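J.: Residue numbers (our numbering): 122 to 349.
Each residue gets a CB set at the ideal place from its N, CA and C atoms; glycine is no exception.
Since the model is a prediction, treat every value here as computed from it, not as a measurement.
So that we are looking at the same thing, I have put the structure below in structure tokens.
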Amino acid sequence: MPPAAGAGEAVELPARLPGIDLAAGLAAANGNRALYLKLLRLFAKGQRDFGTAFRQALSAGDMATATRLAHTLKGVAGSIGALGLAQAAKELELACRNTEHAVVIERQCAAVIPRLASVIDGLDALPSVALSASASSPSVADAARVGASLVRLRQLLVSSNTDAVEEVEALRLQLGEQAAPVEALEQCVAHFDFDGALAVLDGLQASLRANAGFDPSSTLQTDNKTNE
Numbered sequence: 122m123p124p125a126a127g128a129g130e131a132v133e134l135p136a137r138l139p140g141i142d143l144a145a146g147l148a149a150a151n152g153n154r155a156l157y158l159k160l161l162r163l164f165a166k167g168q169r170d171f172g173t174a175f176r177q178a179l180s181a182g183d184m185a186t187a188t189r190l191a192h193t194l195k196g197v198a199g200s201i202g203a204l205g206l207a208q209a210a211k212e213l214e215l216a217c218r219n220t221e222h223a224v225v226i227e228r229q230c231a232a233v234i235p236r237l238a239s240v241i242d243g244l245d246a247l248p249s250v251a252l253s254a255s256a257s258s259p260s261v262a263d264a265a266r267v268g269a270s271l272v273r274l275r276q277l278l279v280s281s282n283t284d285a286v287e288e289v290e291a292l293r294l295q296l297g298e299q300a301a302p303v304e305a306l307e308q309c310v311a312h313f314d315f316d317g318a319l320a321v322l323d324g325l326q327a328s329l330r331a332n333a334g335f336d337p338s339s340t341l342q343t344d345n346k347t348n349e
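Right, here's the structure in full:
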């Protein structure tokens, strides 16, 4: 496993990554290298078990799930610049939507799996990012700061903006020991499941209202009054 980079240490993009057009991926991330690296890591985390999940759905005759998995892979592969993989996933999705014979779908799946494995093998070589101890476990979260982050995160998720990746990370640092629900947010964002992330966010906000005694939405109301 590659060594972890320190929290204040810049991590450079490698010169090349198997199966990935780095220029296209960076362009999709608006040239933000830090965000692009996070998207690459989230892709590896979220799509690593695609083959197993897809074949389980296929075996169960659950074509809706199989189609959704292929559709998601197509989208997220394209967003990181894995263009060949995105095209293969597109053809797999079309085969599922057209309810092709299982042999045809399996042939398309067999074209996807090695491409995906090659991409993930390359991403696994990226250095991880270590969080400082002081940042990862604060004892008390500042309610106003957390509320503002929740409002920003909701706006990003509603617009399916990949900047949500950075906002989720900021929220984890702010919540510290209360950050367990943020893991569910990270899982949703890793799969680019923005609707699912919004549902998790609703639950997190309800929990914070009940346990931390503040209403995150009040931050937005206060900000709006200030700007009037």
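Apart from the five residues on each side of it in sequence, which residues of its chain come closer than 7 Å, Cβ to Cβ, to F171?
T.: Answer for F171: L190, L194 and L237, listed in chain order.
J.: Between the alpha carbons of Q295 and V267, how many angstroms are there, rounded?
T.: Their backbone Cα atoms lie some 7 Å apart in a straight line.
J.: With which residues is L138 paired in a DSSP beta bridge?
T.: Partner(s): I141.
J.: On the premise that L134 lies in contact with R162, defined as a C-beta separation below 8 Å, what is that separation, rounded to the nearest angstrom?
T.: Between L134 and R162 the Cβ distance is about 12 Å, and since that is not below 8 Å, they are no contact.
J.: Flag this pair as touching only if the stretch 142–156 and the stretch 165–182 have three or more C-beta atom pairs under 8 Å; answer yes or no.
T.: No: fewer than three Cβ pairs fall under 8 Å.
J.: Which residues in the same chain have their Cβ closer than 6 Å to the Cβ of H192, if we skip the five residues on either side of it in sequence?
T.: Once the five neighbours on either side are set aside, the close Cβ partners of H192 are E214.
J.: State buried or exposed for V224, treating a residue as buried only when at least 16 other CB atoms are found within 10 Å of its CB.
T.: Burial call: exposed.
J.: Check whether the stretch 275–293 and the stretch 204–213 touch, using three or more Cβ-Cβ pairs below 8 Å as the test.
T.: The stretch 275–293 is not in contact with the stretch 204–213.
J.: Would you identify the three-state DSSP class for L325, choosing helix, strand or coil?
T.: Three-state result, L325: helix.
J.: Is L292 near V303, with beta carbons less than 9 Å apart?
T.: The answer is yes: Cβ separation under 9 Å.
J.: With 16 other CB atoms within 10 Å as the buried threshold, where does T220 fall?
T.: Per the 10 Å Cβ criterion, exposed.
J.: Leaving out the 5 sequence neighbours to the left and right, which residues in its chain are closer than 6 Å to L329 when beta-carbon positions are compared?
T.: Excluding sequence neighbours, L329 sits near nothing in its chain.
J.: On the three-state DSSP scale, how would you describe G317?
T.: In this structure, G317 counts as helix in the three-state DSSP scheme.
J.: Using beta-carbon positions only, say whether S200 and F313 come within less than 9 Å of one another.
T.: Yes, they are a contact pair.
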